[in-house]
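What follows is a short report on a single structure.
2 protein chains.
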Amino acid sequence: MNKPLTAIDNCSSCPIRHRAVCARCDDDELVELNAIKFYKSYSAGQTIAMRGDALDVVASVVSGTATLERAIEDGRTQLVGLLLPSDFIGRPGRTTLQYDVTAVTDVTLCCFYRKPFEDLLVRIPHVQERMLEMALDELDAARDWMLLLGRKTAREKIASFLMLIAKRTVHPDGHVLGNISRIELPISREAMANFLGLTIETVSRQFTGLRKDGVIELDGNRSVIVPDLETLLLESGDDSDGGPLI
Amino acid sequence: MNKPLTAIDNCSSCPIRHRAVCARCDDDELVELNAIKFYKSYSAGQTIAMRGDALDVVASVVSGTATLERAIEDGRTQLVGLLLPSDFIGRPGRTTLQYDVTAVTDVTLCCFYRKPFEDLLVRIPHVQERMLEMALDELDAARDWMLLLGRKTAREKIASFLMLIAKRTVHPDGHVLGNISRIELPISREAMANFLGLTIETVSRQFTGLRKDGVIELDGNRSVIVPDLETLLLESGDDSDGGPLI
DNA sequence: TTCGCGCATTGACACAGATCAACGGAGGGC
DNA sequence: GCCCTCCGTTGATCTGTGTCAATGCGCGAA
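Taken in order, these protein sequences are the chains called A and B.
Going by the numbering used here, the first sequence opens with residue 32, and the numbers climb by one from there.
Going by the numbering used here, the second sequence opens with residue 32, and the numbers climb by one from there.
Right, here's the structure in full:
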């Protein structure tokens, strides 16, 4: 079912090689996808959509970082998803959005009108399959996150977050993790706090704690240097399950 | 696409009317489903499957309660899913299990061998659709749970949990919530603690707190009487979003 | 009946992380 | 240059929940 790379390269709707909607489409199917797609850009800080909005497009992130957020009236908010390039927003079969979506950096989305996209899912089974695969991946990620939120200490939360970003930013190229030494943080301290179920003060203190213990070095606010990734992994509290860092 | 009720009633593989795999199957399709299904029962406390196990069946819960759990070596565990009747275990496209599955009451599963089930998904698109729908529902549930774990107080967590159980146990009959006054807890204090990211002592203290404040009454360890559901809802910290309790 | 065991409750205390408050430093506009 | 704003850091203190330990209660076995 896998098509030669040329087909993937031709898919202008999904510049992302990895985990994209069209990863296994043939040329005819790409034409169909292209017919219903368009690009849309947002600048940093902009609200992409709000909870309750009608959901008439679905989209995949081409570049930039966005967040999926859930809030309670009194101001408490929890980030429930981090949308990095190749991640998917919205869902076939749903008419309204459950979460607030915000661009935290400049963001470009590859959008599909929901209705024709759903029709297309019926016609092209492996795209439907792909959607299921992606939903299940997200579910796994959400469940890992539940373990983090429910049971990990602040320090472990920060270390886990750094590992998550390290994995996500390196993987797409097929590049092996291993000796990655610099992690670029896509979000602010505040967003991190909302992601990890902490306050910004605690996030900040844990960063300095890890720095003083030599686990990380800081280069400005958005860049972390990791002398030894293995040490960071130990701090994260993840049972590494054997197997190398992928 | 909806078939008359008789078709659903005929589906011996899915006795659950609500949210079942076969909810929209016609008779021929039901025959196909029946050909690859079998029942399996587990007694309370039994391990159904462990993390890392080969996943050669998928299943839907017919009766009883099971839990999906993730553990760290040092003994900390987090419940990442509560499996009640009509919930689905396992996933097409995955070969190993990510979580420990345990029966907390006596449980009966309706199992399908994974391989033929996957083949069937390709042939019957609306079952594939249904799988996606179920995965997305679970994802929503997991994300709501992230808000709970990351941002709610112990008291709110308990109240939210009670509301969750109230909704799940009533809804299948099409029965309107509203004046439900008794909630049967499917799990122990320990499991609740693992679900809510708390300790059993805190769970216990919050129960007595809610009792002393007249929000709930206790009838034994597994039965909660709720004089006024609206009061409980307020305690849960959920923005009720308008709309009646469903 | 009594014993023992598993589960739940309650109490005393400790501590991780929240809260409140002050300060620092980078960048942009004038 | 200066000021202002935003974001992050650091300090002092408070508090909700965890930890450790004792007690209670129901239930099955002997």
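Glycine included, every Cβ here is placed at the ideal spot set by N, Cα and C.
Residue from the options whose Cα sits closest to the Cα of residue i
i	options	result
methionine 194(A)	Ala173(A), Arg161(A) and Gly268(A)	Gly268(A)
glutamine 110(A)	Phe119(A), Glu100(A) and Glu104(A)	For the sequence presented, residue 110(A) should be read as leucine rather than glutamine. Answer by Cα proximity: Glu100(A).
tyrosine 70(B)	Asp59(B), Val132(B), Ile196(B) and Phe143(B)	Phe143(B)
serine 74(B)	Glu160(B), Thr136(B), Thr200(B) and Asp259(B)	Thr136(B)
leucine 264(A)	Asn225(A), Glu221(A), Ser219(A) and Lys188(A)	Lys188(A)
aspartate 59(B)	Thr139(B), Leu151(B) and Ala85(B)	Leu151(B)
threonine 230(B)	Ala197(B), Glu266(B), Asp175(B) and Arg186(B)	Arg186(B)
alanine 90(A)	Leu227(A), Arg154(A), Pro123(A) and Trp176(A)	Pro123(A)
alanine 134(A)	Lys183(A), Thr78(A) and Glu169(A)	Thr78(A)
alanine 148(B)	Gln237(B), Arg253(B), Glu261(B) and Val88(B)	Going by the sequence as given, residue 148(B) is phenylalanine instead of alanine. Out of Gln237(B), Arg253(B), Glu261(B) and Val88(B), Val88(B) has the C-alpha closest to the C-alpha of phenylalanine 148(B).
phenylalanine 226(A)	Met177(B), Ser219(B), Leu241(B) and Lys183(B)	Met177(B)
glutamate 266(B)	Met162(B), Phe238(B), Ala173(B) and Ser254(B)	Phe238(B)
serine 219(B)	Arg236(B), Asn252(B) and Leu114(B)	Asn252(B)
alanine 30(A)	Ser254(A), Ile120(A), Met162(A) and Arg236(A)	Because chain A in this structure spans residues 32 to 277, residue 30(A) falls outside the shown range and cannot be described.
leucine 163(B)	Arg174(A), Gly121(A), Asp105(A) and Leu115(A)	Gly121(A)
isoleucine 103(A)	Asp175(B), Glu215(B), Asp57(B) and Glu169(B)	Asp175(B)
Spatial neighbours of residue i in its chain, beta-carbon cut-off 6 Å, leaving aside the 5 residues before and after
i	result
serine 44(B)	Interpretation of serine 44(B) is limited by its pLDDT of 43, a score under 50 that renders its predicted location unreliable; no figure is taken from the coordinates.
proline 217(A)	Thr96
aspartate 259(B)	none
glutamine 159(B)	Leu152
alanine 80(A)	Leu128 and Val132
isoleucine 155(B)	Glu60
glycine 245(A)	none
valine 138(B)	Tyr73, Gly95 and Ala97
histidine 190(B)	In the sequence as displayed, the identity of residue 190(B) is alanine instead of histidine. Closer than 6 Å at Cβ, skipping near neighbours: Leu263, Glu266 and Ser267.
leucine 241(B)	Ile247
As assigned by DSSP and simplified to three states, the class of residue i
i	result
lysine 71(B)	strand
arginine 161(A)	helix
proline 258(A)	coil
aspartate 171(A)	helix
leucine 99(A)	strand
leucine 126(A)	With the sequence shown as reference, residue 126(A) is identified as threonine, and leucine is not the correct amino acid for it. Of the three classes helix, strand and coil, the one that applies to threonine 126(A) here is coil, per DSSP.
glutamate 104(B)	coil
aspartate 131(A)	strand
serine 235(A)	helix
isoleucine 155(B)	coil
proline 203(B)	Caution is warranted here: a pLDDT of 48 is assigned to proline 203(B), below 50, making its placement in the model unreliable, and no coordinate value can be reported.
isoleucine 218(B)	coil
glycine 181(A)	helix
glycine 228(B)	coil
Contacts of residue i in chain B (Cβ-Cβ under 7 Å)
i	result
methionine 81(A)	By Cβ distance, chain B contributes nothing, its closest Cβ being about 13 Å from methionine 81(A), past 7 Å.
glycine 228(A)	Leu180, Gly181 and Arg182
glycine 268(A)	Ile103
Cross-chain neighbours of residue i in chain A, by beta carbon under 8 Å
i	result
glycine 124(B)	Glu160, Leu163, Glu164 and Leu167
Where residue i meets chain A, residues with beta-carbon distance less than 7 Å
i	result
valine 153(B)	Pro156
Cβ-based neighbour list, residue i, same chain, cut-off 7 Å, excluding 5 preceding and 5 following
i	result
isoleucine 256(B)	Ser212, Arg213, Ile247, Glu248 and Asp250
methionine 223(A)	Phe192 and Val234
alanine 85(B)	Thr126 and Thr127
glutamate 221(B)	Ile231
leucine 180(A)	Gly228
lysine 183(B)	Ser191 and Gly268
Closer than 9 Å at the beta carbon, the chain B residues around residue i
i	result
glutamine 129(A)	Asp171, Arg174 and Asp175
Chain-order list of residues whose beta-carbon lies under 8 Å from that of residue i (same chain, five-residue window excluded)
i	result
tyrosine 130(B)	Arg82, Leu99, Glu100, Arg101, Val111 and Gly112
leucine 167(A)	none
glycine 76(A)	Thr133, Ala134 and Val135
Residues bridged to residue i [DSSP beta-bridge criterion]
i	result
isoleucine 114(B)	Residue identity check: residue 114(B) is leucine in the sequence provided, not isoleucine. DSSP lists Ala97(B) as partners of leucine 114(B).
arginine 213(A)	Ile256(A)
glutamine 109(B)	Arg101(B)
leucine 249(A)	Val255(A)
phenylalanine 143(A)	Lys68(A) and Val89(A)
isoleucine 120(B)	Ala90(B)
valine 138(B)	Tyr73(B)
alanine 80(A)	Val132(A)
Contact set between residue i and chain B, taken where Cβ atoms lie within less than 8 Å
i	result
glutamine 109(A)	Met177, Leu178, Gly181 and Arg182
isoleucine 218(A)	Correct list: empty, because the minimum Cβ distance to chain B is about 15 Å.
arginine 101(A)	Arg174, Asp175, Met177 and Leu178
glycine 300(A)	Lying outside 32 to 277, the shown extent of chain A, residue 300(A) is not represented and no answer is given.
Residue i CB to nearest heavy atom of the ligand ZN below 7 Å
i	result
alanine 97(A)	The ligand ZN is not part of the structure shown, which contains no ligands of any sort.
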